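For the record, in the sequence shown the residue sitting at position 319 is 319 according to this note's numbering, with numbers rising by one throughout. Since the structure comes first, as structure tokens, the remarks are kept for the end.
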Amino acid sequence: MSFPDGFLWGAGTSAYQIEGHHGRGESVWDEFCRRPGAIEGGGDGSRACDSFLRWQEDIELIKELGLGAYRFSTGWSRVMPDGVHADPKALDHYERFVDALLEAGTEPVLTLNHWDMPAALTWAQRSTVHAFAAYAEAVAGRLADRVTWWITQNEPWIIALLGYQLGLHAPGVADLGTAVRAGHHVLLGHGAAADVLRTFPGAQAGCALSLFPCDPATDSEADWAAAAGSDGYVNRWYLDPLLGDGYPADTHEHWERALGRRDGQGLDFIRDGDEAAIGGRSDFLGINYYTRRVMAAAPPDPFPWRVVGPSGDVARTDEGWEINADALRDLLIGLSRRFPGTPLLVTENGGVFGDAPTHDGLIHDNRRIAFLRDHVEAVRAALAAGADVRGYLHWSLMDNFEWALGYRPRFGLVHVDYATGVRTIKDSGRYYAQLIAGGGTVPDLPRIEAFG
């Protein structure tokens, strides 16, 4: 099956990971990066890829790769440095950037919150929902006449888990009750921003979820229950209120049990009307897929399951994550059947492969090429099975600041020399450009020529 006309082929980045600090307000990530030991290697986003100043180079890369779509984020801490007042100069910058994308024939896919929020705000407070709606109003007021695809929130589960439950991401809070509350406020923020966007004709609002298919480690009843519980905690707790009928009851019970409550009051911050304010506001669903979770039963800590990973010798990225394209295929098919009428957009898919320039100055990242080939074929198979998939955005356009992991992991189609900022398109980027030019036809694997 060929890919449909208008299918979006693209790649993505986020503001804090590439822009650098120039002219930006204080972010929760600035504060977090100053904590000793918080960031692997001790780095921060003060320069990153310097894309705020070198954005025209990035546009040229996008053009050279032939990307039909580019996912980027407006820096919330840049647009609203104090969390309240919009900076016109920041909005001027993003207006120029969007105009340049459109001139290049590239569809903008704009993310409002890709974790870079003003230091004055926190998702632990319900008032942040209103601040986020005001931010959405400021950005949409400038760009909604030119941007169709709007992603309100990026990965609510990761925000709640790493930012507020485990303290491994900004703002570095480690409290279970705060985590579930923050995750709820993030979803309320989606609803509030979507309501704002719907006042602008043509704007389409969606939320990008980090979805991890959950499989049992064995066929035992206990492991099947663990997989179902994990699916509720990671996936359905966000999918169901966005696209279904509110929070799933089984996961609600798991949260209450984990918080030591069984009286129905453990999640009393979910007020009457909240689920109605979240649901029915997704014009599409963004899917960030990297790998699956293989689960086994375990004593509650705080939930009665644990990730054990796949058994046997499986392909992995340099970060140790299993490479499983079939799980993406099944995920897309399952979502399209469960939520018919909701278009799907693969908003992130990629892997860490640390290939560096070799003898000829080029980056022969053949493992990323194989990853790309297999996952594009998974999307093709999902389309053939009836899934309504509108596009595939690879993560990421270029190597960048990878949050708490610093600058070690490299996700990019483009290599970045962080000392100089020099960008070099990797073999995977050239391969992807050929694939896009062929409308999804998978090219032959490149040959590495001798040098010298």
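All C-beta atoms in this analysis are idealised placements derived from N, C-alpha and C, irrespective of residue type, glycine included. This structure is a prediction, so every number in the text was calculated from the model and none was measured.
Inset, instruction - Can you have a look at Ser336 and say buried or exposed, based on whether 16 or more other CB atoms are within 10 angstroms of its CB? - result: buried
Legend entry - Residue range of the unbroken alpha helix (DSSP H) whose run includes Gln434: 427-437
Inset, instruction - Within 10 angstroms of the Cβ of Ser127, are there 16 or more other Cβ atoms? Answer buried if so, exposed if not. - result: exposed
Inset, instruction - Look up Val308 in the DSSP assignment and say whether it is helix, strand or coil. - result: coil
Inset, instruction - Starting from the Cα of Phe7, find the closest Cα among Thr441, Ala296, Glu26 and give me that residue. - result: Thr441
Legend entry - Residue closest to Asn288, alpha-carbon to alpha-carbon, out of Ala298, Asp240, Thr317, Pro213: Pro213
Legend entry - Selection from Thr122, Arg261, Gly191 that minimises the alpha carbon distance to Ala133: Gly191
Legend entry - Segment contact flag, the region 398-406 with the region 353-365, C-beta cutoff 8 angstroms, min 3 pairs: no
Inset, instruction - Could you pull out every residue in the same chain whose Cβ sits closer than 7 angstroms to the Cβ of Pro302, ignoring the five residues on either side in sequence? - result: Leu176, Ala258
Legend entry - Where the alpha helix (DSSP H) containing Ile62 begins and where it ends: 55-65
Legend entry - Length of the line joining the Cα atoms of Ala90 and Arg78: 6 angstroms
Inset, instruction - Tell me whether Val6 sits in a helix, a strand or coil according to DSSP, three-state version. - result: Looking at the sequence itself, residue 6 is Gly, so the reference to Val does not match. In this structure, Gly6 counts as coil in the three-state DSSP scheme.
Inset, instruction - Can you give me the start and stop residues for the beta strand (DSSP E) that Phe97 sits inside? - result: Premise fails: Phe97 lies in the alpha helix (DSSP H), 88-103, not in any beta strand (DSSP E).
Inset, instruction - Using the Cα positions of Ala276 and Gly361, report the straight-line distance between them to the nearest angstrom. - result: 55 angstroms
Legend entry - Distance cut-off 7 angstroms: Glu19 Cβ against heavy atoms of the ligand NAD: Questions concerning the ligand NAD fall outside what the structure shown contains, since it holds no ligand whatsoever.
Legend entry - N-terminal and C-terminal residue of the beta strand (DSSP E) that Val109 is part of: 107-113
Inset, instruction - Please check the pair Asp215 and Val294, which I expect to be a contact at CB under 8 angstroms, by giving their CB distance rounded to whole angstroms. - result: 5 angstroms
Inset, instruction - Name the one or two DSSP bridge partners that Ser73 has. - result: Thr111
Legend entry - Residue nearest to Arg146 in terms of C-alpha spacing, selected from Cys207, Glu95, Gly83, Gly163: Glu95
Legend entry - CB contact below 8 angstroms: Ala381 versus chain D: Included in the structure is just one protein chain, with no chain D present.
Legend entry - Contact check, Phe411 vs Ser428, beta carbons under 8 angstroms: no
Legend entry - Proximity below 8 angstroms, CB of Gly172 to CB of Arg35: yes
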